[in-house]
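Protein chains in written order, with the numbering used here: chain A, 784 to 1589; chain B, 374 to 712.
All C-beta atoms, glycine included, are put in the ideal place defined by N, C-alpha and C.
Everything numeric in this text was worked out from a predicted model, so none of it was measured.
These notes concern the structure reproduced below.
Have a look at this one:
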């Protein structure tokens, strides 16, 4: 929404503020000014001059020498303009003045261009005549300006006066962000009301007088509304003996200031009233309306209709149409039809000011793919009581401008009249909600400024129908607050019962995950939750995998963002690839993000969101570095039991011989491995990459931050080393399982210290050596006790076909 | 006898003086004080001394021993100190040589900003809670006073899964979920991912993060909201920070406000960063709409409350002067390492 300052001042005549003061104060009272443009910011020393005499330039064919009367003196100006004649009144920028740009449309220069007197081919020139473009505007806004050449004022222009003022360029245009609850502020009158209240000035809205001749509009037109919900009100008036012509300059200037191009008196009046009252109107050529009847009904399914922009459009049965006795003549609230549009030889015209259901207009506009200024206003939900004011105002302007003869009366189809809302007033409640101590008188004063009445008898505030956002105490509190000033409300902190600030347990576990990852060199990444269904092929995930059962987005930004991820791998691999492409070395990344697992498809309840702790790396480090991170993490979250690594993880995207499920207490809690070289190729990662994915719900279930001190050993430990030769297929994990199982009560720890294949070891075998530590809490161990435990271990190992080396 | 001892002593001192390394001092010790040393030999010869002289001789021997030992120790200490000094001279290093760093990872700027916000609110007694990212339309809109057909529903460019299920467009649905549980009073913040169908560019992302705040208790006022957010802004952006509350509209709060803070780059004077205004918008807030309270089973006549929503990326971009939102989701380590 835009308004010019001068237009606001037309209704708030006492308003005397700078653009910045206006911006600040309006924003603080709730009408946010996004910005403003000072139209004459780059214009300086420009007056209306009159050309007294034109002579040829002695040395240049294309130049002329003009004597220009600028009021108090006559100056000589040399110009190349072709459209000027003796007697013409033109804008002249004097020596030392500024213009906004060059001749070409859109050639504005920031800060403007300074004009100095000088000589043109030897003849002194003491100023410059200006085109409308040089004045920072264009022919769209000033249609009377010539296509090329100097702007020429009407004959009654006052020589020596400011050209900037004469053109209405001594103005400021404000741009507002109006919130959806304040439909009334999508109008100049609405904003002016707020401005008057904000600055404590008198508000003088337009005074609409009675219009129309002795005839009765009902003799011209009949209106039937078939759906009162979709069209709560339809007002129609008729204008005959139309005289199309340009609208007056003041109207053109106001329209131009808010970016609307003046066209002719009729179009300009509709646009003007739409801006002024926020009520879109439409004008039909009455002679094209069959049977002189208007019917408002929904379209037939598949109905085709050509709008006045010449486009054929298809409707469905939810779209509201304006029809005559035989055919459709307009899409309600969106755009009129080609078949009924006003042409230059229109004789009689039908003005329509209606109120349509905002939601329906918005949906229809979306469906048809056509959004207009009118639909933009209607979809906010307009006040039906405003329709009559607007149509009467339009007719008043028709008479004032001599654009035609208004027929008496108005056809008004108004179902259920919208009545003002009465809100119980309770000053104490308002003060309690705001934390203020504002007097009743002050509150009522604020209400009065914005046309809210107070009924003393019932102690109610009456909200006018254009304020459809006021229903209860809290709404009144906001009105009080914004005029009392948000700034003036005190600042306190909530009192009352103390509460404990804390993170949920899940979040605490995630915090540990972040800490551990970062200690281990991994930086935190973030990737999108939605991705392409193609990722499953990229990851070589089989067609029947449950991972392919995804939550799909109905209206995605594109296929690449169309499903909610069921695996966190793609994001990680994409990030690794980005880094690899950019030649970053030794990259370690982690992410904590959800995957979304549907419980059933199609989705009837929310999917399960499982937090995944995903680690990925390339460069220094290998599978076992990754495994180390996993174990550090488990230890830190108090999962002190031994995790088992099952190489039969069955992950198609990982190296078949270098992957493992991480099993804790018999359950798979994650997996890790080296990226399958094919997948690495697909993603463009030209080196070995390692991945670990930990399913956080499984961790949160088992994590604990409780710790119990177990004492530091006082008695000496006994260490025994064993060296074994075994078939390669036997995993060290199996040996550790035996050590743990058979080690007995005194087993303290064990550590692999050598693993070897090659010379001196027969083919298919490997040599493995462990150091096993025993210790008792309460005594020094006897040799025999250790030997006994060792014998149990060795016997079990031998049973597995493991050969002990002495 | 006395002379002999004097002799031994003189010789020992001479030998100590001559010794130029600790080993030689040790030789001296063995030669004079050792089991087979000269002084020991004197002691062994005591049997030849008259019994009445023995104590005297014994004392003399001990004195000699003590004298030698004392010099010996002193010499040894001196020598060792000299050696250590010498070694340290050899050990001088170039301290400007490169360090040996452990590879330590870096937290995402979003998380750093989030943790700061969490720290502030946890300190004020707020609980940090979460809600689902794929959410029912009911919670994302309806219970927040945004019924079907409400313009705000369209404005938010919602991703739909089906008619009833959406990707949440805001963290506000967590408000409704927590209120519905009925445990009062409430002081919570709810950070998390939200989604809106904006094309990716320097200032937009279809997926970003918000932090929702909610306080419900008896007698909570707009003044409390102002006070709370003032504390928050000062904690987050520095003690000089001022806040400005501007009226605004959100369907689920009334009265509502947008909050600006003084530009932390120019301190409010106006610069390119704040587009000359001296202020930067950081969040939206308001008093929880009584109808929202009602829909969540809380009596608005007994309880009131405030809510606020902060864009996490906005905070991160502002605080760390990141000029392109896309950097946050590319995960280039050269970017992440700066945090």
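Checklist entry - Quick one: what's got a C-beta closer than 8 Å to residue 1087 of chain A's C-beta in the same chain, skipping five residues either side? => result Within the first chain, numbered from 1, the residue matching residue 1087 of chain A stands at position 304. Excluding residues within five positions, the ones whose Cβ falls inside 8 Å are 1095, 1096, 1097, 1098.
Checklist entry - Going by DSSP, which residues form a beta bridge with residue 582 of chain B? => result Reading the second chain from its first residue, position 209 is the one you call residue 582 of chain B. According to DSSP, residue 582 of chain B bridges with B:566.
Item to check | For residue 910 of chain A: DSSP bridge partner residues | outcome: If you number the first chain from 1, residue 910 of chain A lands on position 127. As computed with DSSP, residue 910 of chain A is found in a beta bridge with A:877.
Checklist entry - Name the chain A residues whose beta carbon is nearer than 7 Å to that of residue 703 of chain B? => result What you label residue 703 of chain B is simply residue 330 of the second chain in a count that begins at 1. Here the neighbours are 1361.
Item to check | Three-state secondary structure assigned by DSSP to residue 1275 of chain A | outcome: By one-based count along the first chain, residue 1275 of chain A stands at place 492. It is coil, neither helix nor strand.
Checklist entry - Once you ignore the five residues that flank residue 986 of chain A on each side, which residues in its own chain have a CB closer than 7 Å to its CB? => result For the purposes of this step, residue 986 of chain A is identified with residue 203 of the first chain, where counting begins at 1. Contacts found: 794, 795, 975, 976, 979.
Checklist entry - Does DSSP classify residue 1558 of chain A as helix, strand or coil? => result Here residue 1558 of chain A is taken as the residue at index 775 of the first chain, counted from 1. The answer is coil: DSSP assigns residue 1558 of chain A none of H, G, I, E or B.
Checklist entry - Which first and last residues belong to the alpha helix (DSSP H) in which residue 1172 of chain A is found? => result Taking the first chain and counting its residues from 1, one reaches residue 1172 of chain A at position 389. That run of the alpha helix (DSSP H) goes 1167 to 1184.
Checklist entry - Where does residue 418 of chain B fall in DSSP's three states? => result As a position in the second chain, residue 418 of chain B is number 45, starting the count at 1. The three-state secondary structure of residue 418 of chain B, taken from DSSP, is helix.
Item to check | Of the listed residues B:444, B:678, B:419, nearest to residue 432 of chain B (C-alpha basis) | outcome: Stepping through the second chain from its first residue, residue 432 of chain B is reached at position 59. Nearest in C-alpha terms to residue 432 of chain B, of all of B:444, B:678, B:419, is B:419.
Checklist entry - Where do the ends of the alpha helix (DSSP H) carrying residue 444 of chain B lie? => result If you number the second chain from 1, residue 444 of chain B lands on position 71. Run containing residue 444 of chain B: 427 to 463, per the alpha helix (DSSP H) assignment.
Next on the checklist: The alpha helix (DSSP H) that contains residue 1133 of chain A, what's its start and end?
Outcome noted: Residue mapping note: residue 1133 of chain A aligns to position 350 of the first chain, counting from 1. That residue, residue 1133 of chain A, is in no alpha helix (DSSP H); its beta strand (DSSP E) goes 1132 to 1138.
Next on the checklist: Can you pull the chain B neighbours of residue 1392 of chain A, defined as C-beta to C-beta under 8 Å?
Outcome noted: Reading the first chain from its first residue, position 609 is the one you call residue 1392 of chain A. At a beta-carbon threshold of 8 Å, the residues of chain B lying near residue 1392 of chain A are 505, 506, 507, ordered along the chain.
Item to check | Closest Cα partner of residue 1102 of chain A within the set A:1081, A:1119, A:1121 | outcome: Taking the first residue of the first chain as 1, we reach residue 1102 of chain A at position 319. Just measuring C-alpha positions, the residue of A:1081, A:1119, A:1121 sitting nearest residue 1102 of chain A is A:1081.
Next on the checklist: Can you tell me whether residue 1143 of chain A is buried or exposed? The criterion is at least 16 other CB atoms within 10 Å of its CB, across all chains shown.
Outcome noted: Numbered from its first residue, the first chain carries residue 1143 of chain A at position 360. With 16 or more other Cβ atoms from the protein chains shown falling within 10 Å of its own Cβ, residue 1143 of chain A counts as buried.
Item to check | Unbroken beta strand (DSSP E) run spanning residue 1377 of chain A, endpoints | outcome: Taking the first chain and counting its residues from 1, the one referred to as residue 1377 of chain A is at position 594. Where residue 1377 of chain A is concerned, the enclosing beta strand (DSSP E) starts and stops at 1370 to 1380.
Checklist entry - What in chain A is Cβ-close to residue 499 of chain B, meaning under 9 Å? => result What you label residue 499 of chain B is simply residue 126 of the second chain in a count that begins at 1. Within chain A, the C-beta atoms nearer than 9 Å to that of residue 499 of chain B come from 1282, 1284, 1285, in chain order.
Next on the checklist: Ignoring anything shorter than 4 residues, give me the alpha helix (DSSP H) runs that lie fully in the region 1189 to 1242 of chain A, in order along the chain.
Outcome noted: Within the region 1189 to 1242 of chain A, the complete alpha helix (DSSP H) runs of at least 4 residues are 1210 to 1217, 1223 to 1232.
Checklist entry - Less than 8 Å separating the beta-carbons of residue 1189 of chain A and residue 1196 of chain A? => result Against the first chain, residue 1189 of chain A aligns to sequence position 406. Against the first chain, residue 1196 of chain A aligns to sequence position 413. It is not a contact, given that the beta carbons lie outside the stated cut-off.
Next on the checklist: Among the candidates A:1447, A:1395, A:1431, whose CA atom is the shortest distance from the CA of residue 1417 of chain A?
Outcome noted: Position 634 of the first chain, counting from 1, holds the residue named residue 1417 of chain A. Closest option to residue 1417 of chain A, Cα to Cα, is A:1447.
Checklist entry - Just by C-beta distance, which residues in the region 1308 to 1320 of chain A are closer than 9 Å to chain B? => result Residues of the region 1308 to 1320 of chain A with a C-beta atom less than 9 Å from some C-beta of chain B are 1308, 1309, 1310, 1311, 1312, 1313, listed in chain order.
Checklist entry - Where do the N-terminal and C-terminal ends of the beta strand (DSSP E) with residue 1008 of chain A fall, by residue? => result Translated into the one-based positions of the first chain, residue 1008 of chain A becomes position 225. Here the beta strand (DSSP E) through residue 1008 of chain A covers 1005 to 1008.
Checklist entry - Using the C-alpha atoms, what's the distance from residue 663 of chain B back to residue 1349 of chain A? => result The residue given as residue 1349 of chain A occupies position 566 in the first chain. The residue given as residue 663 of chain B occupies position 290 in the second chain. The straight-line gap from Cα to Cα measures roughly 39 Å.
Next on the checklist: Going by beta-carbon coordinates alone, are residue 815 of chain A and residue 619 of chain B separated by less than 8 Å?
Outcome noted: Along the first chain, one-based indexing puts residue 815 of chain A at 32. Along the second chain, one-based indexing puts residue 619 of chain B at 246. Inclusion of residue 815 of chain A and residue 619 of chain B in the CB contact set at 8 Å is warranted, their separation being smaller than that value.
Next on the checklist: Short of 8 Å Cβ to Cβ, which residues in the region 582 to 594 of chain B face chain A?
Outcome noted: Going along the region 582 to 594 of chain B in chain order, one finds 588, 590, 591, 592, 593, 594 with a Cβ nearer than 8 Å to chain A.
Checklist entry - If you draw a straight line from the alpha carbon of residue 1057 of chain A to that of residue 1091 of chain A, how long is it in whole angstroms? => result Counting from one through the first chain, the residue named residue 1057 of chain A turns up at place 274. Counting from one through the first chain, the residue named residue 1091 of chain A turns up at place 308. If you take the alpha carbons of residue 1057 of chain A and residue 1091 of chain A, they lie about 19 Å apart.
Next on the checklist: By the three-class DSSP mapping on this structure, what secondary structure does residue 1436 of chain A have?
Outcome noted: Taking the first chain and counting its residues from 1, one reaches residue 1436 of chain A at position 653. Residue 1436 of chain A falls in the coil class under three-state DSSP.
Next on the checklist: Quick check on this structure: which residue in A:1050, A:1389, A:990, A:848 has the alpha carbon closest to the alpha carbon of residue 1127 of chain A?
Outcome noted: In the first chain, residue 1127 of chain A corresponds to position 344, counting from 1. From the listed residues A:1050, A:1389, A:990, A:848, the smallest Cα separation to residue 1127 of chain A is found for A:1050.
Checklist entry - Cβ of residue 1277 of chain A within 8 Å of Cβ of residue 601 of chain B? => result Working through the first chain from its first residue, we reach residue 1277 of chain A at position 494. Working through the second chain from its first residue, we reach residue 601 of chain B at position 228. Contact: yes.
Checklist entry - Thinking C-beta only, is residue 1281 of chain A closer than 8 Å to residue 498 of chain B? => result For the purposes of this step, residue 498 of chain B is taken as residue 125 along the second chain, with counting starting at 1. For the purposes of this step, residue 1281 of chain A is taken as residue 498 along the first chain, with counting starting at 1. Residue 1281 of chain A is positioned such that its CB atom lies closer than 8 Å to that of residue 498 of chain B.
Checklist entry - Hey, how far is the Cα of residue 1247 of chain A from the Cα of residue 1271 of chain A? => result As a first step, residue 1247 of chain A must be located in the first chain, where it is residue number 464. As a first step, residue 1271 of chain A must be located in the first chain, where it is residue number 488. Computed Cα separation, rounded: 27 Å.
Checklist entry - Going along the chain, which residues of the region 399 to 411 of chain B sit with their C-beta nearer than 7 Å to a C-beta in chain A? => result The residues in question: there are none.
Checklist entry - Enumerated in chain order, which unbroken segments of the beta strand (DSSP E) with a length of 3 residues or greater are wholly contained in the region 800 to 886 of chain A? => result Fully enclosed beta strand (DSSP E) runs of 3 or longer: 815 to 821, 827 to 839, 847 to 852, 857 to 862, 872 to 884.
Item to check | Closest Cα partner of residue 915 of chain A within the set A:927, A:904, A:1467 | outcome: As a first step, residue 915 of chain A is located in the first chain; it is residue number 132 there, counting from the start. Nearest C-alpha to residue 915 of chain A among A:927, A:904, A:1467: A:927.
Checklist entry - Out of curiosity, what's the CA-to-CA distance linking residue 1319 of chain A and residue 1331 of chain A? => result Numbered from 1 along the first chain, position 536 holds the residue referred to as residue 1319 of chain A. Numbered from 1 along the first chain, position 548 holds the residue referred to as residue 1331 of chain A. Rounded to whole angstroms, residue 1319 of chain A to residue 1331 of chain A spans 7 Å at the Cα level.
Next on the checklist: With H, G and I counted as helix, E and B as strand and the rest as coil, what does DSSP make of residue 1479 of chain A?
Outcome noted: In the first chain, counting from the first residue as 1, residue 1479 of chain A sits at position 696. If DSSP states are grouped into helix, strand and coil, residue 1479 of chain A belongs with the helices.
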